[in-house]
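Numbering follows numbering that gives the first Met the number 0, with no gaps: position 95 of the sequence shown is 94. Since the structure comes first, as structure tokens, the remarks are kept for the end.
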Amino acid sequence: MNGEIQQRLKWIKLYQETNNAGLVCLRCGISRLTLRKWWSRFQKHGVDGLNSLSKRPHSSLNQKLTQEIESQILTLRKSRSLSASRIQSELLRNEHIKLGIATIHKVLHEINHCDLSIEILEANLNTVTP
């Protein structure tokens, strides 16, 4: 039995002896929510319930970007000099494609299209505003 389980078992035994959650939490420096969580697991599964559960996701979409979506991102960036957030909204509005801004940044960074400051300046210089 590792140290974490022994510590949790100590909390449970102290709670069983005193039947006072406030006192146990005060003595052990834990919250009532924490005590309640481990008490409930102990009641359902015994000492085995005091093991930590895995924190990894139980399911993941693991979507891969298609070449078509990547080309749409690059086309929007090159032709209209849109930022990642604008590309995100355009893809959602026109194509019903929902992507995170970080994903769009990743695509732009991989293709070295993240810094458009010179292109934006040139485009702004060529546009005449009345």
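C-beta: ideal position from N, C-alpha, C; glycine also. Here the structure is a predicted model, which means the values were calculated and not measured.
Discussion item. Quick check on the DSSP output: the alpha helix (DSSP H) that includes Gly2 runs from which residue to which?
Written reply: Start at 1 with the first residue of the sequence shown, and residue 2 comes out as number 3. From DSSP, the alpha helix (DSSP H) with Gly2 extends over 2–17.
Discussion item. I'd like to know whether the C-beta atoms of Ile11 and Leu52 end up nearer to each other than 9 Å.
Written reply: Locating residue 11 in the sequence shown gives position 12, where the first residue counts as 1. Locating residue 52 in the sequence shown gives position 53, where the first residue counts as 1. The criterion of a C-beta distance shorter than 9 Å is not satisfied by Ile11 and Leu52.
Discussion item. Can you give me the C-alpha to C-alpha distance between Thr74 and Pro56, rounded to a whole angstrom?
Written reply: Your numbering for residue 74 matches position 75 in the sequence shown. Your numbering for residue 56 matches position 57 in the sequence shown. Distance between the alpha carbons of Thr74 and Pro56: 34 Å.
Worksheet item: Does the separation of the CB atoms of Gly21 and Arg31 fall below 9 Å?
Response: As a first step, residue 21 is located in the sequence shown; it is residue number 22 there, counting from the start. As a first step, residue 31 is located in the sequence shown; it is residue number 32 there, counting from the start. If you check the CB distance, Gly21 and Arg31 come in under 9 Å.
Worksheet item: Tell me which same chain residues have a C-beta within less than 7 Å of the C-beta of Trp38, skipping the five on either side of it?
Response: Translated into positions along the sequence shown, residue 38 becomes position 39. Counting only Cβ-Cβ distances below 7 Å, and skipping sequence neighbours, we find Ile11, Tyr14.
Worksheet item: For Ile96, which residues from the same chain have a beta carbon less than 8 Å from its beta carbon, with the 5 sequence-adjacent residues on both sides left out?
Response: As a working mapping, residue 96 is identified with position 97 in the sequence shown. Within the same chain, Ile68, Gln71, Leu90 come within 8 Å of Ile96 by CB-CB distance, once the 5 residues on both sides are set aside.
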